[in-house]
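Engineer: Supplied in structure tokens, the structure appears directly below.
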Amino acid sequence: MSWNETLSRMNWHQVEHWLKQYEALGPLPGIVAPMVESYIPVLPLVAILVANVNAYGLAEGFLLSWIGVVLGSISVFAIVRRFGGRIRGWIERKHPRSQRLIHWLETHGFTPIFVLACFPFTPSSLVNIVAGLSRVPFHTFAVATALGKGVMIFLVSFAGHDIDSLLRQPWKIALVLCVFAVMWLMGRRLEGKYFK
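Per my numbering, the sequence shown starts with residue 1089, numbered consecutively.
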């Protein structure tokens, strides 16, 4: 099994076990794990978020996840903004639809970044890279990402915080599945329109 396959098959129990092994480091693992996902998108972000709230509690786990995800997104954006100017033409030639996404981000700024950040199943690393290649102002990207990721992380954290309660009350499972299905479908529509 390859390293990528191993990473993609990790579940939240494994991530939570890893976090508890390093609990002597305090909140650092809870921030670093979601931050690293920004650079290695095969890592299971949803599993990391669920593990955080189960290892640290709902409020602290949400906060640590949010800090890590936002720091990761902003750092990828900043690196691409600083060093990625030369590759924009190459990306636009290799992936012609990327021009549409870049234009969409430059034209509408805050809204598409916020909306894409709200969905847990859109390729956020690609959004960070494309936004870095665009002329979207840094503060617009940072605020939209922070708010959108806050919505997404809260929904995932709330759903994953008390798995036992969900299992005892099937209506909660149905509600959570419906919310995630709607988010997944909306994310797929946006992805199909701008990322393929």
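We treat Cβ as the ideally placed atom computed from N, Cα and C, and that holds for glycine.
Can you list, in chain order, the residues of its chain with a C-beta nearer than 8 Å to that of H1227? Leave out the 5 residues immediately preceding and following it.
Structural biologist: Within the sequence shown, residue 1227 is the residue found at index 139, counting from 1. Excluding sequence neighbours, H1227 sits near nothing in its chain.
Engineer: Enumerated in chain order, which unbroken segments of the alpha helix (DSSP H) with a length of 4 residues or greater are wholly contained in the segment 1149 to 1182?
Structural biologist: Runs found: 1176 to 1182.
Engineer: Rounded to whole angstroms, what is the Cα-Cα separation between G1049 and H1183?
Structural biologist: No statement about residue 1049 is possible, as the shown extent of the chain runs from 1089 to 1284 and does not include it.
Engineer: Anyone know if the C-beta pair for F1198 and M1240 falls short of 8 Å?
Structural biologist: On the sequence shown, residue 1198 is found 110 positions in, with the first residue counted as 1. On the sequence shown, residue 1240 is found 152 positions in, with the first residue counted as 1. Result no, Cβ atoms of F1198 and M1240 do not sit closer than 8 Å.
Engineer: Whole angstroms are fine: how far does the CA of V1124 sit from the CA of H1191?
Structural biologist: What you label residue 1191 is simply residue 103 of the sequence shown in a count that begins at 1. What you label residue 1124 is simply residue 36 of the sequence shown in a count that begins at 1. Near 28 Å, if we compare the C-alpha coordinates of V1124 and H1191.
Engineer: For I1119, which residues of its own chain have a beta-carbon under 6 Å away from its beta-carbon, when the five flanking residues on both sides are left out?
Structural biologist: Residue numbering aside, residue 1119 sits at position 31 when the sequence shown is read from its first letter. Excluding positions up to five away in sequence, the list reads L1152, I1155 and G1156.
Engineer: Return yes when the Cβ of G1248 is within less than 8 Å of the Cβ of V1130, no when it is not.
Structural biologist: The residue given as residue 1130 occupies position 42 in the sequence shown. The residue given as residue 1248 occupies position 160 in the sequence shown. Going by C-beta atoms, V1130 is not nearer than 8 Å to G1248.
Engineer: Helix, strand or coil for N1185 per DSSP?
Structural biologist: Here residue 1185 refers to the residue found at position 97 when the sequence shown is read from its first residue. Residue identity check: residue 1185 is Arg in the sequence provided, not Asn. R1185 falls in the helix class under three-state DSSP.
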